[in-house]
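Chain order of the listed sequences is U and B.
Numbering that gives the first Met the number 0 puts the first residue of the first sequence at 0, with every later residue one more than the last.
Numbering that gives the first Met the number 0 puts the first residue of the second sequence at 0, with every later residue one more than the last.
Positions of the beta carbon are idealized from the N, C-alpha and C atoms, including for glycine.
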Amino acid sequence: MNKVDIKNICMNYHTITSETIVLKNISFSVKEEEFLTIVGPSGCGKSTLLNIIAGLLTPSKGKIYIHENKIRTLEKNIGYMFQKDQLFEWISVWENVILGLKIQKIFTEKNKDYVISLLRHYGLWNFRNHYPKQLSGGMRQRVALIRTLATNPDVLLLDEPFSALDYQTRLKISNEVFKIIRDEKKTVIMVTHDIPEAISMSDRIIILSNRPAEIRKTEIVNFSKEYSSPLKRREAPNFRLYFNSIWKELDSNVK
Amino acid sequence: MLNNSIEHKNYIKKVKRRKRKIIITQILILIIFFAWWEISGDLKIVDPFLTSTPSRMLKTLVKLYNQGNLFKHILVTCGETILGFCLGTFLGTLIAILLWWSDFVAKVLDPYIVVLNALPKVALAPIIIFWVGNGIGAIIIIALLISIIVTIITVLNGFKSVDEDKIKLLKTFGATKFQVLTHLIIPASIPTLISALKINVGLSWVGVIMGEFLVAKEGLGFLIIFGGQISQLDMVMISIIILAILAFLMYKCVAILEKRYRTFE
């Protein structure tokens, strides 16, 4: 069953001196619990597309359906994760993770219990009274994920969520985040420019062209059962093949 | 942690010794300065009528105290300053919030704020005295005018430097503009607000003393002007010294506030 349908999205940017076509007729669907990644050359409009799906930007043309319900304004069932964790430094970990619930005024006992279970399960319960400054980069990103999950969003949008981390932490955290997302049965759309990261986490990869961005190719990623985590997938024999195929597609784009 | 090794102990000793040295030197400078002042006045190296001397200042202080006016003058000036300072910070922040809220209003008012910032506010004093009368009201308004524009500019810049992605984050939660303000913009700008406070302490003193020069019948600014008019430089000097001590204390209060916030952070 489709969770998200993106239909004929076009986006033009206007300045006084010019009009730039950023996205040209982008259509795709995301299935329930699918992990979809969008890759493309830098500046092609990946993040713009994500902002449109989040409802933060209005597209020039096209529609986005979630659960077959049309998004008119900002839908509250979307969770967004940024490059940096964007934790609020002046409040504790606990207050950070319940931020969304407070904003939406749904800080109920049930939701509170859910957040507590998330913190306990993912090893952050003992740090609930710490301030973000006292945590490592990896832990901070985990807190950010739990903050996003707390409002129980239908769809998670990840905007290069690991690119601000150092290489080692990045591999570890992408592994952990992947596990959390699978456990919580979330549907994900991720944007990245890191091809190995895309292959190691996704079920499907969409490759965008240069601006004006169109869908160049869709790559369905399939690994046998023993390669169950992003770290293990990197050792799979067909990992290289996917890499080469996507690399070629992106490379033919760059002139 | 190795906090009991000899090397570490020596290090702590060194740091403490240096700190002590700085404080002792600071106090010494003060003592030497006043001693030299006194001696050169007593030996008529300089004319004590023009420079006064610490002992003459002390006598004036005692005289003022015995007349029962000293604390009244101090309280009046302090009260005016604190009031001007609080009003300037509060109203300035409020206006900054309004300008943050409406980008249109901010753009429209921008050139006016620039002009008001460049204008020496004391130039407005005669008008203010005409409007609100000769008294404390006028002094507070002058102090307020001097600090409010800087507050608006500093605080608004603080508001605008909040990370766009954090605003976006709250928007993905469906936050209203008011929620963005209360959950993010204001708490994120507390350090900016404190630095605005620091600037305003100094500016309010300028405003109040200026105001007192022009209109007052009491207060330290009045004592300075009055002392000058009756050729009593002892009175002028002691008033300035009291002023210096008060300004220092008030600055320290804000610094303590800042430190408390830092440790909380």
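Per DSSP, reduced to three states, the secondary structure at F34 (chain U) is strand. In this structure, DSSP gives N76 (chain U) a state outside helix and strand, which the three-state scheme calls coil.
If you check each beta-carbon in the region 147-176 of chain B against every beta-carbon of chain U, the ones closer than 9 Å belong to D162, D164, K165, K167, L168, L169, K170, T171, F172, G173, A174 and T175.
For the set B:I138, B:T150 and B:L192, the Cα lying nearest the Cα of G87 (chain B) is the one of B:T150. As DSSP reads the structure, K216 (chain U) sits in a beta bridge with U:I206. If only complete runs of 4 or more residues are kept, the region 148-198 of chain B shows the alpha helix (DSSP H) at 163-171 and 176-179, in order along the chain. Spatial neighbours of Y250 (chain B) in its own chain (CB-CB distance under 6 Å, excluding positions within 5 residues in sequence) are listed in chain order as V200.
Secondary structure of S91 (chain U) (DSSP, three-state): coil.
Leaving aside the five residues that flank I37 (chain U) on each side, the residues in its chain whose CB is nearer than 6 Å to its CB run, in chain order, K45, V190 and I205. Looking at the DSSP output, V131 (chain B) shares a beta bridge with no other residue. Where G83 (chain B) is concerned, the enclosing alpha helix (DSSP H) starts and stops at L69 to W100. Judged by beta-carbon spacing, I185 (chain B) lies beyond the 8 Å limit of E257 (chain B), meaning their Cβ atoms are not closer than that value.
The C-beta distance from L35 (chain U) to R215 (chain U) rounds to 15 Å, too long to meet the 8 Å contact threshold. Considering only B:I237, B:G210 and B:K20, the residue with the shortest C-alpha distance to A137 (chain B) is B:G210. By the rule that beta-carbons nearer than 8 Å mark a contact, G61 (chain U) does not touch chain B.
Judged by DSSP secondary structure, M10 (chain U) falls within the beta strand (DSSP E) whose first and last residues are N1 to H13. Residues of chain B whose Cβ lies closer than 7 Å to the Cβ of L22 (chain U) do not exist; the shortest such Cβ separation is about 19 Å.
With a cutoff of 8 Å on beta-carbon distance, I166 (chain B) and L183 (chain B) are scored as near each other. Taking all protein chains in view, the Cβ of E248 (chain U) is crowded by 16 or more other Cβ atoms within 10 Å, so the residue is classified as buried.
A straight line joining the alpha-carbon of P131 (chain U) with that of M138 (chain U) spans about 9 Å. In this chain, the alpha helix (DSSP H) harbouring K231 (chain U) covers P229 to R232. Remark: C-beta atoms of V253 (chain B) and K197 (chain B) approach each other more closely than 8 Å. Close to chain B, meaning a Cβ-Cβ distance shorter than 8 Å, are the following residues of the region 90-109 of chain U: I90, L98, G99, K101, I102 and Q103. Counting along the chain, G61 (chain U) sits inside no alpha helix (DSSP H); it lies in the beta strand (DSSP E) bounded by residues K60 to I65. Taking 8 Å as the cut-off, the Cβ atoms of V21 (chain U) and T47 (chain U) count as close.
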